[in-house]
Structures are given as structure tokens and as C-alpha cells.
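As C-alpha cells, the structure follows; a few thoughts come after it.
In the working numbering, the protein residues as written are 520 to 648.
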């Protein structure tokens with residue numbers, strides 16, 4: 520299942536991933552945009568319909584929990600970006616990532632180590648076990 524978020528949905532999911540859960544009021548307070556309570560509620564209900572959050576009754580309110588992990592969402596979104604923006608080229612994606620941002624030299628070294636580690640212990644091809 521491809522995971523897809525609108526920009527507003529992603530803002531709300533980021534709050535839930537960071538906090539673990541939240542009521543409408545808590546999510547609203549944590550967002551950088553000043554949104555109406557009903558707007559945040561609508562976004563949460565949409566996310567619930569999509570299966571990305573689950574509500575749990577808490578008194579008169581509901582507490583929303585993410586049903587999809589940040590890692591799973593990131594993989595799905597990145598796969599779509601890789602295919603649609605970079606025509607499936609991981610090299611083009613990586614080039615864009617490291618050339619258009621001010622990346623700390625320590626972070627670049629960590630990225631290099633990740634690549635080196637990947638080269639020395641390659642994964643099995645997709646679909647094989």
C-alpha cells in the first residue's frame with residue numbers, strides 16, 4: 520500500500536510521530552500554523568479514514584495514535600519521489616540531496632560510512648528471501 524499525505528496531513532502526522540499521540544487540541548497547539556480546532560479535527564478524521572491514525576476515547580475527547588510508522592511512511596514517500604522525480608535513479612536523488620543543502624562535514628562522513636557499509640554487505644535483491 521502506497522502511503523500518501525497532503526502537506527497538512529504530513530504536518531499533523533509529524534506531531535503524532537514526535538509525541539506518540541495527541542488530542543485535537545494538543546495537535547493544534549503543536550502545529551506551527553494557527554489552524555482552527557475544526558480544521559485539525561477534519562484532518563485527523565481524514566487520516567483515520569485513510570487508516571493512518573486510530574482514535575481512542577479519552578473522556579469527552581479522543582486521543583489519536585499513528586497507525587503507520589514514520590519509517591514506513593518515509594519509505595513509501597521516498598519510493599514515490601525516487602520514481603516520479605528522479606526516474607528511479609538513486610544516484611540522481613543522492614546527488615540532489617548532497618549538492619543543494621548545507622550538510623555538516625560530520626553528517627557527510629556518516630553518509631559515506633552508510634554507503635561504504637552497504638557496499639561491503641549488499642542486500643539480497645527484492646523479492647528473494
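Each residue gets a CB set at the ideal place from its N, CA and C atoms; glycine is no exception.
Note that the stretch 610 to 617 does not touch the stretch 555 to 563; fewer than 3 beta-carbon pairs, one per stretch, sit closer than 8 Å. CA-to-CA, the gap between residue 601 and residue 543 works out to about 33 Å.
The beta carbon of residue 522 is closer than 8 Å to those of 571, 587, 591, 592, 595, 596 in its chain, skipping five residues each way along the sequence.
With a 10 Å radius around the Cβ and a threshold of 16 neighbouring Cβ atoms, residue 534 comes out buried. Between the alpha carbons of residue 581 and residue 526 lies a distance of about 23 Å. Taken atom to atom, the span from the alpha-carbon of residue 635 to that of residue 629 is near 10 Å.
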